[in-house]
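Visitor: There's a structure below that I have some questions on.
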Amino acid sequence: MAKELTPQETLRIDLRPPKQDWMDIPVNIKEGIYCYPAKPEKIECVDMPNAHKWSPVEEDWGLPENWKEIFLEGFRERLDKHRTFKIFMDICVRCGACADKCHFFIGSGDPKNMPVVRAELLRSVYRGEFTKAGQILGRLAGARKLTMPVLKEIWYYLFQCTECRRCSLFCPYGIDTAEITILGRELINLFGLNINWIQEPVCNCYNTGNHLGLLPHTFKQNIEFLCDDIEEFVGIKIEPTFNRKGAEILFVTPSGDVFAEPGIYTLMGYLMLFEHIGLDYTWSTYACEGGNFGFFTSLEMAQRLNAKIYHEAERLGVKWILGGECGHMWRVIHQYMNTFQKPVDSLEEPISPITGTKFENAKSLKMVHISEFTADLIKHGKLKLDPSRNDHLKVTYHDSCNPSRGMGMLEEPRYVIKNVCNHFYEMPENTIREETFCCGSGSGLNAGENMELRMRGGLPRANAVKHVHNKYGVNTLACVCAIDRAVLPASMEYWVPGVDVAGVSELVANALIMEGENERSVNLRGEEIPGRAPKEEEAQEDV
Amino acid sequence: MALNDIIEKKRDSIVEMWLNTLFSTYHPKTAQFLENKRNKFDNPVGSAFKEAIGPLFDEIVGDFDQEKIRQCLDEIIRIRAVQDFIPSQAIGIFVVLKDVVRKVIPSKEMGPEIYEELFIFDAKVDRMALMAFDVYMACRERIWEIKLNDFKKRPIFAEGQMCLSYMLRRGLKHRQKRGEVEQFTDIRPQEN
Ligand code: SF4
Ligand code: SF4
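Each protein sequence line maps, in turn, to chains X and E.
Under my numbering, the letters of the first sequence match residues 6 to 548, in that order.
Under my numbering, the letters of the second sequence match residues 48 to 239, in that order.
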């Protein structure tokens, strides 16, 4: 007969998880958290090694027999090549200052998502395989050997880090876990373990210049569709040029803005802004991707994909380059492009043709951020604006990790928003500017299959939005990043229904008074603007 | 003593014990963080739990306003529904309240005279647990809905190719408006 439980026993449900140290808790790879593996042909397309079919939840990952050697050799190479990496492996004192600063830890509660532990996953192998102390003392020195379960664990958590660098802000030694993740991902790419959401854009970008693999005529066609939309909603016809030699400025933006909502409204914003000021610029169907998923694969791949921007600028003979709203695109440009690429002699120090402002900060890069450019236009009174068209919006601003922490651009987008919207509210200060919380889906983790992970990672940001939503009725989350625009809507749908996501340039364009425009009763999304319904309709309704 | 009097007297310790049980469903290091980090924005999960669990308890022993209970449950479950819990772990924490309350009843009071009230209390906890199940399912369904929307809204990586149907549909709309019947060519990159 079955053992009968006493009423007390029946009620005593034990929900406590194992208490062990993280190193003793085996990794449990779960659906909803990981992204699907890269397709072999997408790996082959850029000559990366060991393209093969595999699944993270299966025992055998199809690695070459000498995978350990490859990994350790790659590890050693990178320790020599990147002084920071070596230092980060050596100097962490495990003080824990970074531990609770990661959005993935905060949202998931999984101790392996503490930045210090994330780094320890690799560091323990470093100690166990490369240091005397680790080899002698083993576990006592926090060391372990590289085994298949260890590799699986490293892989799983490398793709639970958005390389946002929030943790590094709080580390007294400036240890940058994002950089450890970047190099860790390089290592797993030595035997074909990338995720498809990163690999496919890399392959496409390499082949056609943009993540989606849009061919030149499609790229052009898509932008023309958006011009059609502008014609319908604003009543003006815009005819942008493509690959035009001799244009003064080359404009490069993430291709996400060319095809996906709500990014397309931001792109319509760029089109209108440039039309408004009569800018002599051109689009390129070759350098048609500002984003760079190569950065999430390896630094070498980032460099390869980044090269086209200067190439194209040189080929078209432009004076300088204007860049659209993107996050990691700007991290790559701001922190790597200067050393990735040879300087292009034909480019000049950027000067705004409208205001005459010299962008001295872009002296060596020759590339200016659209928010800097727009802020300068507004400051000089060059834009005709009617911010009341945005009066139905209560706006807050999400600092994307890369523009804020990566390049220090904090004021310009705020200045722009405050000039085109009358209702702006900041989120709490420990969630914005340098301390901003990641959207939760950066660094190539903006796939669909890992939605649970994205929701966990997005929680701290959403929580701050919820606060201003409840307190001030905020209904619009503005940002200057294409990944933000792609992923924050989902996060809002789950955590803070009633908040929409908009690019800053979209808000600008909605406020722009264009020459020859219609009554502007609808916004760039084709939605009626409250209080601006056309007169005749009102009259009809009254009857 | 009647159960209600005991509960009233021990309200704070019940709520605290329940909250601690909730925290103890996380790794001890996480539990420590959830419990101790005060700032609401640095510690949204711990704060949400702390803010929801007291009012939830009061509503159960008080008016049992279903809408208020649902709101409190939502605050907690929306988070746990995306964390590393299997369903029974995610909402088991609500059933545990029966045990928590029994622990604060002094053993000398535990007798037939209290059973009827205890029976009613348990029934309320059961109702809350059923509501928790509904909230949990709604959250999980929401996730799937969002996944689906995410796939539908933008060009997706379908079987190794990008699906451009979204922009094509958009373009078609304009051409139809203008009365152009032009056909679209397949503009996707051709495999080999
Ligand atoms: S870089 Fe960002 S995601 Fe990665 S560990 Fe640090 S805080 Fe977390
Ligand atoms: S804050 Fe720096 S030193 Fe302290 S545990 Fe984190 S990485 Fe290590």
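Glycine residues also receive a C-beta, built at the ideal position from the N, C-alpha and C atoms.
So, do the segment 140 to 156 of chain E and the segment 170 to 188 of chain E have three or more beta carbon pairs nearer to each other than 8 Å?
Guide: yes
Visitor: Quick one: give me the first and last residue of the beta strand (DSSP E) that Ala124 (chain X) is part of.
Guide: From DSSP, Ala124 (chain X) is part of no beta strand (DSSP E) but of the alpha helix (DSSP H) over 120 to 135.
Visitor: Nearest CA to the CA of Leu126 (chain X): which residue from X:Arg99, X:Leu142, X:Gly112?
Guide: Selected option, being the one with the closest Cα: X:Arg99.
Visitor: When you compare each of X:Trp27, X:Val130, X:Ser60, X:Asp350 to Leu84 (chain X) by their alpha carbons, which one comes out closest?
Guide: X:Val130
Visitor: Would you verify that the beta carbon of Lys24 (chain X) is, or is not, closer than 8 Å to some beta carbon of chain E?
Guide: Yes - at least one Cβ of chain E is within 8 Å of the one on Lys24 (chain X).
Visitor: Just verifying my parser: in three-state terms, what is the DSSP assignment at Ile200 (chain X)?
Guide: strand
Visitor: If you compare alpha carbons, which of X:Pro535, X:Asn480, X:Thr436, X:Ala538 is closest to Asn107 (chain X)?
Guide: Sequence check: residue 107 (chain X) is Cys here, not Asn. Of the listed residues, the one whose Cα sits closest to Cys107 (chain X) is X:Thr436.
Visitor: Asn528 (chain X): buried (16+ other C-beta within 10 angstroms of its C-beta) or exposed?
Guide: buried
Visitor: If distances are taken between C-alpha atoms only, which option among X:Leu219, X:Phe264, X:Gly268, X:Gly329 comes closest to Thr258 (chain X)?
Guide: If you compare the alpha carbons of X:Leu219, X:Phe264, X:Gly268, X:Gly329 with that of Thr258 (chain X), the shortest gap goes to X:Gly329.
Visitor: Taking the C-alpha atoms as reference points, what is the distance between Gly453 (chain X) and Pro159 (chain E)?
Guide: 55 Å
Visitor: For the segment 229 to 262 of chain X, which segments carrying the beta strand (DSSP E) assignment without a break, of at least 3 residues, lie completely within its bounds, in sequence order?
Guide: 254 to 257
Visitor: Tell me the rounded alpha-carbon separation between Met209 (chain E) and Ile228 (chain X).
Guide: Note that Met209 (chain E) scores a pLDDT of 47, beneath 50, so its modelled location is shaky and nothing firm can be said.
Visitor: Using a Cβ cut-off of 8 Å, which residues of the segment 52 to 75 of chain E contact any Cβ in chain X, in chain order?
Guide: The segment 52 to 75 of chain E vs chain X, Cβ under 8 Å: Thr68, Ser71, Thr72, Tyr73, His74, Pro75.
Visitor: With Lys157 (chain X) and Ile38 (chain X) assumed to form a contact (beta carbons below 8 Å), what rounded beta-carbon distance in angstroms separates them?
Guide: For a cut-off of 8 Å, the C-beta gap from Lys157 (chain X) to Ile38 (chain X) is around 13 Å, too long to register as a contact.
Visitor: Where Gly207 (chain E) and Cys444 (chain X) are concerned, what is the direct C-alpha to C-alpha distance, given to the nearest angstrom?
Guide: Here the model assigns Gly207 (chain E) a pLDDT of 40, short of 50, so the residue's position is not dependable, and the following value carries that caveat. Distance between the alpha carbons of Gly207 (chain E) and Cys444 (chain X) is about 27 Å.
Visitor: According to DSSP, simplified to helix, strand and coil, what is Thr89 (chain X)?
Guide: helix
Visitor: May I ask whether a heavy atom of ligand 3 can be found less than 7 Å away from the beta carbon of Arg123 (chain X)?
Guide: As for ligand 3, it is missing from this structure, which binds only ligand 1 and ligand 2.
Visitor: For Met157 (chain E), count neighbouring C-beta atoms within 10 Å of its own C-beta (all shown protein chains included) and say buried if the count is 16 or more, exposed if not.
Guide: exposed
Visitor: Ligand 1 and Thr182 (chain X): does any heavy atom of the ligand fall closer than 7 Å to the residue's C-beta?
Guide: yes
Visitor: Counting along the chain, where does the beta strand (DSSP E) carrying Leu327 (chain X) start and finish?
Guide: Per DSSP, Leu327 (chain X) belongs to the beta strand (DSSP E) from 325 to 328.
Visitor: Relative to the C-alpha of Ile203 (chain X), which candidate in X:Asp115, X:Asn451, X:Gly79 has its C-alpha closest?
Guide: X:Asn451
Visitor: With a threshold of 7 Å, establish whether the CB of Gly101 (chain X) neighbours any heavy atom of ligand 2.
Guide: yes
Visitor: Could you give the uninterrupted runs of the beta strand (DSSP E) lying entirely in the segment 139 to 173 of chain E, keeping only those of 3 residues or more?
Guide: none
Visitor: Spatial neighbours of Asp169 (chain E) within its chain, please: C-beta separation below 7 Å, excluding the five flanking residues on both sides.
Guide: Lys145
Visitor: For Leu177 (chain E), count neighbouring Cβ atoms within 10 angstroms of its own Cβ and tell me buried if that reaches 16, exposed if not.
Guide: exposed
Visitor: How should Asp121 (chain E) be labelled, buried or exposed, when 16 other C-beta atoms within 10 angstroms of its C-beta is the threshold for buried?
Guide: buried
Visitor: So, is Arg85 (chain E) buried or exposed, given that buried needs 16 or more other C-beta atoms within 10 angstroms?
Guide: exposed
Visitor: Just checking, does the segment 479 to 489 of chain X make contact with the segment 394 to 405 of chain X on the three C-beta pairs under 8 Å criterion?
Guide: Output reads yes: the segment 394 to 405 of chain X touches the segment 479 to 489 of chain X.
Visitor: Compute the minimum distance between the beta carbon of Tyr162 (chain X) and the heavy atoms of ligand 2, and state whether it is under 7 Å.
Guide: If you check the C-beta of Tyr162 (chain X) against ligand 2, you find no heavy atom less than 7 Å away.
Visitor: From what residue to what residue does the alpha helix (DSSP H) around Asp59 (chain E) run?
Guide: Start and end: 50 to 70.
Visitor: Thinking just about the alpha-carbon of each residue, which of X:Glu280, X:Tyr341, X:Leu352, X:Asp285 is nearest to the one in Ala318 (chain X)?
Guide: X:Leu352
Visitor: In whole angstroms, what separates the C-alpha of Gly332 (chain X) from that of Ala43 (chain X)?
Guide: 23 Å
Visitor: Taking one C-beta from the segment 196 to 212 of chain X and one from the segment 493 to 511 of chain X each time, how about it: are there three or more such pairs within less than 8 Å?
Guide: no
Visitor: Alpha carbon to alpha carbon, how far is Ala104 (chain X) from Cys176 (chain X)? Give it in angstroms, no decimals.
Guide: 9 Å
Visitor: Determine the extent of the beta strand (DSSP E) in which Ile400 (chain X) is found, giving its start and end residues.
Guide: The sequence shown places Val at residue 400 (chain X), rather than the Ile named in the question. For Val400 (chain X), the enclosing beta strand (DSSP E) begins and ends at 400 to 402.
Visitor: Any heavy atom of ligand 2 closer than 7 Å to the CB of Phe90 (chain X)?
Guide: no
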